[in-house]
Amino acid sequence: MNFEELLEQAIQRVTPSRTRDAMEYSLMSGGKRLRPMFLYDTLAGYGLNPERGNEFAIALELIQTYSLIHDDLPAMDNDDLRRGKPSCHKQFDEATAILAGDGLLTYAFEVAAESREPADRVVRSIGILSRMAGPSGMVYGQCLDTTEEDQVHGWEDLRKVHRYKTGCLFSAPFMIAAVISGRDDATIEAWHKVGDTIGLAFQVQDDIMDATETAEELGKSNSDARNEKVTSVSLLGMEQAENLMNQLYASSMEQIRQMSEFESDALIRRLEGMQKRRK
Ligand code: GRG
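Quick note, the sequence shown lines up with residues 21 to 299 if you use the working numbering.
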């Protein structure tokens, strides 16, 4: 069964309701599934059957989808479109979108708890998933981004927002794969840093793509509403942002190559593919 089928099967187990319809609408709308793929690549790199990570891979994508639904709400980013389709609250309504996000987040932990890996590793992985997604992780990043935007002045402020908002959920799959593979604490922490570096590279790349798109749309640079927000391009300039993005991808690949007893080729290839991404 491929990953899309696994997601569809997971959603079909939820009690039928308008909430489930909205969960399914957003979940099955064509995300890149990066976080699950990181989990599978890392398990494979440690010589394990990637299918052993299925429950956590599904849980990661459920959490990713919840975060996007809630981020799109009028009280947050107020986006009408997501993954090229009407955002959840536009397709349904706000109350349903809130419930769909709540449902996806909660259901993620139900699915994760069904993993048949050794209980101590499952408990530890669920702890990592909670921490990375929760109020000391991604939710903290979103909090910084929504309530303290005017306090983001320099690169270090922005880096902090990205570290939590994006980096934490990028780190979780690597750390969970390391736990399932029975690695020690130092290795799990090293994977945390890998995810953090990739998250930052990805976010700088997003800023570059947004700035390029905006400049193309307007036939000029740096002057529409989207560019009023502080980004790595507005802080560093396009050339430096591109250099930084390439350095960060290179650094993450180097960190991965240095992992002991790890076959890094597939993961490095995935990162090389990401680095070439242009929307
Ligand atoms: C609402 C708690 C809460 C958090 C929201 C994910 C997020 C945090 C906000 C979305 C806006 C944004 C640009 C976040 C940075 C992380 C990021 C680049 C998310 C998009 O991830 P992709 O590109 O999305 O992997 P797909 O659609 O492929 O899953």
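For glycine and all other residues, C-beta sits at the position ideal for the given N, C-alpha and C.
Please read these numbers as outputs of a predicted model, since none were measured by experiment.
Annotated three-state conformation of Leu68 is coil, per DSSP. Below 8 Å, too few C-beta pairs join the segment 93-110 and the segment 73-81 to call them touching: fewer than three. One Cα belongs to Thr234, the other to Ser280, and the distance between them is close to 43 Å. Between the alpha carbons of Gln260 and Leu149 lies a gap of roughly 33 Å. Our two residues, His182 and Ile228, have alpha carbons roughly 14 Å apart in a direct line.
Boundaries of the alpha helix (DSSP H) around Arg141: 139-153. Relative to Thr126, the option among Ile31, Leu101, Tyr160, Glu71 whose CA is nearest is Ile31. Taking the Cα positions, Ser191 is about 8 Å away from Met152. By the C-beta criterion, the segment 197-208 is judged to be in contact with the segment 139-147, since at least 3 inter-stretch pairs fall below 8 Å. Cβ contact annotation for Glu283 (same chain, cutoff 6 Å, sequence separation greater than five): Gly65, in chain order. Contact annotation: Met43 and Ser87 have beta-carbon atoms that are not nearer than 8 Å. Annotation: the segment 28-87 contains the following complete segments of the alpha helix (DSSP H) (minimum length 4 residues), in chain order: 38-47, 54-65. For Val253, the shortest C-beta to heavy atom distance toward ligand 1 is 7 Å or greater.
A check of alpha carbon separations from Thr85 across Ser46, Leu54, Ile276 identifies Ser46 as the nearest. Proximity of the segment 213-231 to the segment 251-260 meets the contact definition, three or more beta-carbon pairs being nearer than 8 Å. If you draw a 10 Å sphere on the C-beta of Arg136, you find fewer than 16 other C-beta atoms in it, and that means exposed. With a cutoff of 8 Å on beta-carbon distance, Arg277 and Leu189 are scored as not near each other.
At a Cβ-Cβ threshold of 8 Å, Ile118 and Ala132 do not count as neighbours.
Put simply, the backbone Cα of Asp122 is about 9 Å away from that of Thr39. Taking the Cβ of Val199 as the reference point, every heavy atom of ligand 1 lies at 7 Å or farther away.
Around the Cβ of Ser156, a 10 Å sphere holds fewer than 16 other Cβ atoms; the residue is exposed.
Our two residues, Asp205 and Met48, have alpha carbons roughly 35 Å apart in a direct line. The residue among Leu220, Ile208, Glu75 with its C-alpha nearest the C-alpha of Trp175 is Leu220.
Not one heavy atom of ligand 1 is found less than 7 Å from the C-beta of Gln29. Per DSSP, the unbroken alpha helix (DSSP H) holding Pro193 starts and ends at 188-200. For Ala286, the enclosing alpha helix (DSSP H) starts and ends at 285-295.
Out of Thr62, His90, Gly215, Asp216, the CA that lies nearest to the CA of Thr166 is found in His90. Excluding its 5 nearest sequence neighbours in each direction, Leu178 has C-beta neighbours in its own chain below 7 Å: Val172, Val250, Ser252, Leu255, listed in chain order.
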